[in-house]
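Notes for the one structure printed next.
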Amino acid sequence: MAKISAGSYDLNKWLFGGYEDDIVTVIYGGPGSGKTNFCMLAAVSQAKKGNKVIFMDTEGGFSSERVKQMVNGDGDVNSVLKNILLLNPTNFNEQKDAFKKLNEYLKDEVSLIIVDGMTILYRLDFASAREKDDDSYRKINAELVSQMKTLAEIARKKKIPVLVTNQSYKWEDERRMVGGDILNYWGKCIIELINDNGKRIAFLRKHRSLREKELEFKISNSGIKKTGWI
Numbered sequence: 010m011a012k013i014s015a016g017s018y019d020l021n022k023w024l025f026g027g028y029e030d031d032i033v034t035v036i037y038g039g040p041g042s043g044k045t046n047f048c049m050l051a052a053v054s055q056a057k058k059g060n061k062v063i064f065m066d067t068e069g070g071f072s073s074e075r076v077k078q079m080v081n082g083d084g085d086v087n088s089v090l091k092n093i094l095l096l097n098p099t100n101f102n103e104q105k106d107a108f109k110k111l112n113e114y115l116k117d118e119v120s121l122i123i124v125d126g127m128t129i130l131y132r133l134d135f136a137s138a139r140e141k142d143d144d145s146y147r148k149i150n151a152e153l154v155s156q157m158k159t160l161a162e163i164a165r166k167k168k169i170p171v172l173v174t175n176q177s178y179k180w181e182d183e184r185r186m187v188g189g190d191i192l193n194y195w196g197k198c199i200i201e202l203i204n205d206n207g208k209r210i211a212f213l214r215k216h217r218s219l220r221e222k223e224l225e226f227k228i229s230n231s232g233i234k235k236t237g238w239i
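Quick note: the sequence shown, position 164, residue 173 per our numbering, numbers continuous.
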């Protein structure tokens, strides 16, 4: 089973080698839980090796300054940035258009696809459609399904690992994913991140070959480091 580096020794050890190359990995959690850092760390790791990365940023979280911190003198920052194709959709229609062109971007040798904020723009359109009290929200749901299916097919057929981040929300005493059923179905590895007053924990919720487990971690300038695991 081929894998790519998560960009961190401790994350690689926790995941038994990193992210699998033929599936969609979903990383979800609340604001400030570390989702974008997980994505950028993997992107920088691949880009430093000269590999191309597609990074779709729907929330404006990608930072060239953060890339510089992660490179940390081990490579040329400009070369790393040139290997990352950054897409910035600002609404769900633009995200839809970006997915239509995704196969064109794959003409180059791409080693990783990232969608940071898979449902943030979807959620805005979905809420607006529900307020209109018509059936347009069904089309929006269908489009999200189509996008996740596209990512899963690319991962499976082209052996390109895909990382997707997602928001969480609280329902009574339970944390749930936005668009949970859709992302749960297409994501074959699911990782939940929480930030409990500065204490960060990653939970491996779903995996094809690993048991559920936890990793306590901190975010440093250079990346992710464990503070403990179970």
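The beta-carbon is built from N, C-alpha and C at its ideal position, and this holds for glycine as well.
It should be emphasised that the depicted structure is a prediction, and the values quoted were computed from it without experimental measurement.
For residue i, count neighbouring Cβ atoms within 10 angstroms of its own Cβ and tell me buried if that reaches 16, exposed if not.
i	result
residue 100	exposed
residue 25	exposed
residue 201	buried
residue 175	buried
residue 59	exposed
residue 151	exposed
residue 57	buried
residue 178	exposed
residue 18	exposed
residue 188	buried
If I follow the unbroken beta strand (DSSP E) through residue i, where does it start and stop?
i	result
residue 203	196-205
residue 214	208-215
residue 66	61-66
residue 24	Here residue 24 belongs to no beta strand (DSSP E), and DSSP marks it neither H nor E.
residue 125	119-125
residue 183	183-186
Taking residue i as the reference, give the member of the options with the closest Cα.
i	options	result
residue 153	46, 195, 74	195
residue 162	141, 179, 197, 134	197
residue 125	182, 47, 225	47
residue 65	111, 137, 12	111
residue 13	27, 23, 22	27
residue 168	218, 35, 122	122
residue 108	117, 43, 119, 96	96
residue 103	156, 138, 139, 213	156
residue 217	199, 118, 228, 226	199
residue 164	115, 87, 19, 204	115
residue 237	16, 22, 11	22
residue 105	160, 140, 87, 186	160
residue 171	20, 52, 18	52
residue 86	54, 223, 189, 140	54
residue 118	61, 227, 188, 19	61
residue 16	42, 39, 81, 40	81
On the DSSP bridge list, what partners appear for residue i?
i	result
residue 76	Bridge partners of residue 76: none, in fact.
residue 219	Residue 219 is not bridged to any residue.
residue 176	38
residue 69	For residue 69, which the question treats as bridged, DSSP gives no partner whatsoever.
residue 226	209, 235
residue 29	12
Grab the span of the alpha helix (DSSP H) containing residue i for me, first residue to last.
i	result
residue 14	That residue, residue 14, is in no alpha helix (DSSP H); it is neither H nor E in DSSP.
residue 101	101-109
residue 89	86-91
residue 155	145-167
residue 57	44-57
residue 134	129-140
For the 8 angstroms Cβ check, are there 3 or more pairs between the region 28-45 and the region 80-93?
no
For the region 121-132 against the region 75-88, do three or more pairs of beta-carbon atoms, one drawn from each stretch, fall closer than 8 angstroms, so that the two count as touching?
no
Are three or more beta carbon pairs between the region 200-215 and the region 53-70 nearer than 8 angstroms?
no
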